[in-house]
Amino acid sequence: MSVNYAPILWNRQKKIYDRVMLALMAAYLIVFICLQVIAFPAITIETLIIRATGTLAFLMLHIILCIGPLARIDKRFLPLLYNRRHLGVTMCCVALIHGVFNIVQFHALGNTDPIVSLFTANKNYQSFARFPFEVLGFFSLIILLLMASTSHDFWLKNLSPKVWKTLHMMVYFAYAMLVGHVMLGVIQLEKSPVLIAVTGIGMMTVIGLHVWTAIKTGKTGKADEIGKTRQLGTVRISDIIASPVSPVSPASPTSPAFYRVCRVDEIPENRAKTVMINGQNIAIFKYNNKLSAINNLCRHQNGPLGEGKIIDGCITCPWHGYQYLPHTGQSPPPFTEKVETYDVDLIDGWVYVNPNPYPEGTERPPRVINSIVTRLTAIADAYERVS
Amino acid sequence: MREYPDEFYIGWQSEAADGIAERVRQFIFAVCLIVPVIGVVVVLNQGGFSESAFEYGKVTVIEGVFTNTPAPFLQILRGKDVQGQAIYQNILLVAPGKHGIQEMLKELETALGHALEARMVKMKGFLIYHNGKTLMEVEEMMDIMDTGVAIEVPPLPTQYGQGSVIGEITDPKCLFGVMKPGYGKPHRSCAARCIAGGIPPVLKTLSADGDVQYYLLAGEQGEMINDEVLPYVGDQVAVCGNIRKVGDWMILYKDSEKEMMLLSDGLAEGLGMCR
Amino acid sequence: MTPALRKYHMTIWFALALILPSFFVATIIAIPKPQSDPQFRSFQSEALSTVLFTAHSDQFIIKLRTDGPAQAKQIEVILIKSVSVPEALVYLSCGQSEKILLGKLSSKETHRFPLDTLKSFDNCEIEFFDPFNNIVFDKISL
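So this is what it looks like as structure tokens:
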């Protein structure tokens with residue numbers, strides 16, 4: 001996490017990530033250029049650069065777009081998400097080279113300003129087949145440049161996570177425009193069924209992964225995994241209880257104080273259970289024979305804190321490693337991020353949480369897990385099952 | 388499949404847990420396979436590039452009879468064939484970038500005080516050539532020298548009568564050497580830019596057997612029709628007019644009363660017929 | 663990832679799942695078909711009826727044609743691939759005699775050049791000459 005504006009805070013994983021990325025990019029360019037020169041020696045250097053950088057950037061974007069849904073489906077892909085922004089910025093640089101070469105090659109040295117020429121050399125905006133595909137590429141590049149230039153946490157903080165995320169979700173729009181740029185551009189000339197098939201497979205892979213992930217992780221009522229948000233259905237009156245040891249939250253004294261969430265032994269050690277109650281996204285952590293509840297959304301990029309783990313006494317976000325103390329919701333000094341905290345209770349082995357949030361960073365004493373109570377509850381449950 | 392129920396790793400930790408490391412390695416391995424394969428597949432499935440050439444940086448000096456009708460040519464006499472017919476090579480002249488040479492010529496003629504038409508002219512520049520057609524990019528006015536009156540005058544154009552031609556309009560500078568490819572949708576904007584800049588448009592037409600013919604397009608009286616053809620650049624069109632041969636170039640003098648027609652406008656039945 | 667964001671993602675990707683494949687298919691349909699001119703004109707002479715002789719190189723096929731009765735002769739030059747020189751003049755070269763200019767290659771099509779009717783073609787070659795680089799870039803023996 002960056003406290004001040006520092007370009008990149010390097011660590012071993014980031015260095016390995018970037019080295020692998022650069023090595024693969026170099027491998028692609030070497031294979032592409034060497035094979036191109038051998039197979040088609042008549043090609044010009046400008047066309048070679050345009051095609052090498054264009055295809056590389058498009059390929060990189062496909063890989064980048066696959067990382068998000070893969071990490072949702074299988075959290076073992078999360079290390080790929082950790083440094084994804086480096087992939088994105090690098091891809092944008094490659095795309096920029098492609099764009100600049102195209103503008104210079106096809107629009108410069110004429111009787112019109114090159115950027116004006118980009119929009120006016122082909123005016124068939126009313127036609128589908130003859131549509132100026134360059135314009136689609138241009139606007140995609142603008143989106144990618146905006147994203148690359150605001151990829152640093154500095155912008156995340158200053159634009160606010162909501163605005164920042166909205167801007168960065170425009171990558172989907174950029175991707176759609178790039179599919180148009182390729183299919184209405186070079187494919188109209190090259191026409192090879194193999195090239196069309198490769199483009200189609202790439203597109204369906206990205207779409208398929210996102211749709212599959214949406215279906216798999218979307219709705220309520222599914223079997224819980226560690227940290228998966230489970231929305232409570234209609235809460236019965238019998239589930240609502242005001243604990244004699246935990247005060248009603250001062251934020252909303254008239255609403256029901258606590259909601260039953262789960263059995264305490266359903267929460268693994270140093271992990272969390274997440275629930276959505278009355279619009280509050282809450283993660284309840286169990287650690288050192290204690291329970292604490294904080295808001296599930298990391299203040300960095302709204303990562304799911306409930307899918308994280310307690311490391312060295314701190315809740316650690318699985319996306320980028322931002323940390324929070326469980327009983328205060330504060331990041332350990334010198335960091336300043338804070339999340340809301342909630343009251344949590346434990347009665348007869350059941351975990352209850354009060355969904356009325358305390359202001360960010362408010363210390364709330366953790367609920368100690370009383371071992372005698374827990375054992376008695378287990379004996380009572382076992383008796384019930386036998387009888 | 389191995390289970391890794393409670394593994395957690397974040398980038399600033401020194402080592403990843405086994406299950407996570409294994410999954411990441413699998414991903415990297417897959418990408419290491421896919422990336423070069425994609426590169427090979429993309430390269431090998433391109434349509435290819437012409438053997439056209441642009442001798443940028445290599446200065447060639449030529450001398451011949453200049454004409455600006457219907458396009459700026461330097462006509463070089465190569466000899467006479469067995470029937471005594473003069474064999475001329477017409478080198479189409481263009482300026483640097485996406486510009487025609489008309490501005491440069493006007494400036495020179497003003498400086499000289501007379502037209503260059505039908506005079507012997509020596510010029511130097513960079514050759515552009517492909518499929519029997521040759522152009523020269525003349526860098527500046529100083530590269531053109533009037534060397535006197537032409538002794539041998541090229542013959543009049545050979546008349547071939549009315550005809551209609553179907554093909555793609557593009558600019559000859561890119562088509563014959565400067566860009567690859569110099570035709571088709573990706574090149575369309577560049578061709579439009581070149582034609583808008585004064586480079587004479589060319590109609591490239593194909594036979595079913597793969598033979599290629601190039602027609603330089605001009606107006607009915609030999610005037611420039613660059614603005615008129617701009618909306619049709621890069622498309623398959625049908626053009627009607629009078630066909631003549633000037634040196635080794637076919638010229639199509641477009642009929643002013645007949646519009647160019649896009650083939651996508653449903654010309655299937657009356658293919659080749661102009662309205 | 664907030665629930666609202668998850669919902670936006672789902673909406674966007676379900677929309678793209680419908681729009682993008684349809685668009686993709688539409689662009690394939692829009693690919694222009696290769697178009698030849700059914701009235702393609704060649705401005706070369708008509709081929710004479712009888713082929714006396716055929717020879718070839720990597721770039722060209724040469725046919726020596728005659729019309730039989732009048733014994734007019736013709737050299738037909740078929741291009742196997744495009745000419746990649748600034749100028750291609752076609753000469754008939756027979757021993758020490760002066761070379762005869764037959765014509766030039768001016769497009770990618772079959773060219774036909776008339777020959778002297780009574781000419782003997784022993785020890786003759788067809789030479790392809792580039793005057794800009796002053797080289798004979800191909801020759802074929804008759």
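Chains as they are written, first to last, in my numbering: chain A, 1 to 387; chain B, 388 to 662; chain C, 663 to 804. C-beta: ideal position from N, C-alpha, C; glycine also. Remember, it's a predicted structure, so these values are computed and weren't measured experimentally.
Measuring alpha carbon to alpha carbon, tell me which of B/E450, B/P618 and B/P457 ends up nearest B/I531.
Along the second sequence, read from residue 1 onward, the residue named residue 531 of chain B stands at position 144. B/I531 has its Cα closest to that of B/E450, out of B/E450, B/P618 and B/P457.
Go to B/E555, then tell me how far its alpha helix (DSSP H) extends in each direction, as first and last residue.
One-based indexing of the second sequence puts residue 555 of chain B at position 168. It is not in any alpha helix (DSSP H) - B/E555 instead sits in the beta strand (DSSP E) that spans T545 to T557.
Straight-line CA distance for B/E409 to A/K309?
As a first step, residue 409 of chain B is located in the second sequence; it is residue number 22 there, counting from the start. As a first step, residue 309 of chain A is located in the first sequence; it is residue number 309 there, counting from the start. Approximately 20 Å between the Cα atoms of the pair.
How long is the line joining the alpha carbons of C/L667 and B/G571, rounded to whole angstroms?
Counting from one through the third sequence, the residue named residue 667 of chain C turns up at place 5. Counting from one through the second sequence, the residue named residue 571 of chain B turns up at place 184. Going by the C-alpha atoms only, they are around 42 Å apart.
Name, please, each residue of chain B whose Cβ falls closer than 8 Å to the Cβ of A/E190.
The count along the first sequence starts at 1 and reaches residue 190 of chain A at position 190. Under the 8 Å cutoff, chain B gives N432, Q433 and G434.
Quick one: what's got a C-beta closer than 6 Å to B/G535's C-beta in the same chain, skipping five residues either side?
For the purposes of this step, residue 535 of chain B is identified with residue 148 of the second sequence, where counting begins at 1. Counting only Cβ-Cβ distances below 6 Å, and skipping sequence neighbours, we find M507.
For the stretch 684-713 of chain C, list every residue whose C-beta sits within 8 Å of some C-beta in chain A, in sequence order.
F685, F686, A688, T689, I690, A692, I693 and P694
Using beta carbons (cut-off 8 Å, strictly below), is A/A272 in contact with chain B?
Here the question's residue 272 of chain A lines up with position 272 in the first sequence. With 8 Å as the cut-off, A/A272 does not count as an interface residue toward chain B.
Report the residue ranges of all beta strand (DSSP E) runs contained in full by the stretch 326-372 of chain A; include only those spanning at least 3 residues, in chain order.
341-347 and 350-358
Any beta carbon from chain B within less than 8 Å of C/L763's own beta carbon?
On the third sequence, position 101 is the one that residue 763 of chain C refers to. Yes, C/L763 lies at the interface with chain B (some Cβ there is under 8 Å from its Cβ).
Where in the stretch 480-557 of chain B do unbroken runs of the alpha helix (DSSP H), each at least 4 residues long, occur, reported from the N-terminal end onward?
489-499
To the nearest angstrom, report how far apart A/P79 and A/T316 are at their CA atoms.
Residue numbering aside, residue 79 of chain A sits at position 79 when the first sequence is read from its first letter. Residue numbering aside, residue 316 of chain A sits at position 316 when the first sequence is read from its first letter. Roughly 14 Å between the two C-alpha positions.
According to DSSP, simplified to helix, strand and coil, what is A/Q36?
To locate residue 36 of chain A, count along the first sequence from 1; it is residue 36. A/Q36 falls in the helix class under three-state DSSP.
Give the straight-line distance between the Cα atoms of A/N158 and A/L167, rounded to the nearest whole angstrom.
Numbered from its first residue, the first sequence carries residue 158 of chain A at position 158. Numbered from its first residue, the first sequence carries residue 167 of chain A at position 167. Taking the straight line joining both Cα atoms gives about 13 Å.
Have a look at B/G512 and B/E526 and give me their C-alpha separation to the nearest angstrom.
Here residue 512 of chain B corresponds to residue number 125 of the second sequence, with the count starting at 1. Here residue 526 of chain B corresponds to residue number 139 of the second sequence, with the count starting at 1. The straight-line gap from Cα to Cα measures roughly 6 Å.
For B/K493, would you say it is in contact with chain A, using Cβ-to-Cβ distances shorter than 8 Å as the test?
Working through the second sequence from its first residue, we reach residue 493 of chain B at position 106. Answer no: the Cβ-Cβ gap between B/K493 and chain A never drops below 8 Å.
If I measure Cβ to Cβ from A/K216 and keep anything under 7 Å in the same chain, skipping five residues before and after, which residues do I get?
What you label residue 216 of chain A is simply residue 216 of the first sequence in a count that begins at 1. Cβ within range, chain order: I73.
For my contact list, B/K560 and B/I586 are in at a C-beta cut-off of 8 Å; report their separation, rounded to the angstrom.
Against the second sequence, residue 560 of chain B aligns to sequence position 173. Against the second sequence, residue 586 of chain B aligns to sequence position 199. B/K560 to B/I586, Cβ: 5 Å. Contact.
Measuring alpha carbon to alpha carbon, tell me which of A/I16, A/K75 and A/D343 ends up nearest A/P304.
Within the first sequence, numbered from 1, the residue matching residue 304 of chain A stands at position 304. Checked all of A/I16, A/K75 and A/D343; the closest Cα to A/P304 is A/K75.
Return the first residue and the last residue of the beta strand (DSSP E) that B/E450 is part of.
In the second sequence, residue 450 of chain B corresponds to position 63, counting from 1. Counting along the chain, the beta strand (DSSP E) containing B/E450 begins and ends at A440 to T454.
Short of 9 Å Cβ to Cβ, which residues in the stretch 731-743 of chain C face chain B?
L741 and K743
Beta-carbon of B/W636 versus every beta-carbon of chain A: anything under 8 Å?
As a position in the second sequence, residue 636 of chain B is number 249, starting the count at 1. Chain A contact via Cβ: absent.
Report the residue from B/T545, B/I478, B/A505 and B/G487 whose alpha carbon sits nearest the alpha carbon of B/N613.
Counted from its first residue, the second sequence places residue 613 of chain B at position 226. Checked all of B/T545, B/I478, B/A505 and B/G487; the closest Cα to B/N613 is B/G487.
Along the chain, which unbroken stretches of the beta strand (DSSP E) at least 3 residues long are found entirely within the stretch 676-750 of chain C?
712-718, 722-728 and 735-741
Output the distance between the C-alpha atoms of B/V430 and A/A57, rounded to the nearest integer angstrom.
Sequence index remark: in the second sequence, residue 430 of chain B carries index 43 (1-based). Sequence index remark: in the first sequence, residue 57 of chain A carries index 57 (1-based). So the alpha carbons of these two residues sit roughly 15 Å apart.
Shortest alpha-carbon distance to B/P573 belongs to which of B/D596, B/G426, B/V620 and B/V599?
Reading the second sequence from its first residue, position 186 is the one you call residue 573 of chain B. Minimum Cα distance to B/P573 is reached at B/V620.
Report the three-state DSSP secondary structure of C/L804 (helix, strand or coil).
One-based indexing of the third sequence puts residue 804 of chain C at position 142. In this structure, C/L804 counts as coil in the three-state DSSP scheme.
Does DSSP put A/L184 in a helix, a strand or coil?
Numbered from its first residue, the first sequence carries residue 184 of chain A at position 184. It is coil, neither helix nor strand.
Which residues bound the alpha helix (DSSP H) around B/A408?
Within the second sequence, numbered from 1, the residue matching residue 408 of chain B stands at position 21. Looking at the DSSP string, the run of the alpha helix (DSSP H) that includes B/A408 is D405 to L431.
Is it the case that the Cβ atoms of B/V422 and A/L144 are separated by a distance below 8 Å?
For the purposes of this step, residue 422 of chain B is identified with residue 35 of the second sequence, where counting begins at 1. For the purposes of this step, residue 144 of chain A is identified with residue 144 of the first sequence, where counting begins at 1. The answer is no: Cβ separation not under 8 Å.
Bridge partners of B/A625, per DSSP?
Taking the second sequence and counting its residues from 1, the one referred to as residue 625 of chain B is at position 238. Looking at the DSSP assignment, B/A625 forms a beta bridge with B/I553 and B/M648.
Let's test the definition: count the other Cβ atoms within 10 Å of the Cβ of B/C581 and tell me whether it reaches 16, buried, or not, exposed.
Counted from its first residue, the second sequence places residue 581 of chain B at position 194. The residue in question, B/C581, is buried, as its Cβ has 16 or more Cβ neighbours within 10 Å.
Could one say the Cβ of A/R12 lies closer than 8 Å to chain B's Cβ atoms, at least one of them?
The residue you call residue 12 of chain A lines up with position 12 of the first sequence. For A/R12, at least one C-beta of chain B is nearer than 8 Å to its own C-beta.
Using three-state DSSP, classify C/K761 as helix, strand or coil.
Sequence index remark: in the third sequence, residue 761 of chain C carries index 99 (1-based). In this structure, C/K761 counts as coil in the three-state DSSP scheme.
Would you check if there are 3 or more beta carbon pairs closer than 8 Å linking the stretch 35-52 of chain A to the stretch 187-195 of chain A?
no
Would you say C/D778 lies against chain B (beta-carbon separation less than 8 Å)?
Locating residue 778 of chain C in the third sequence gives position 116, where the first residue counts as 1. It does: the Cβ of C/D778 has a partner Cβ on chain B nearer than 8 Å.
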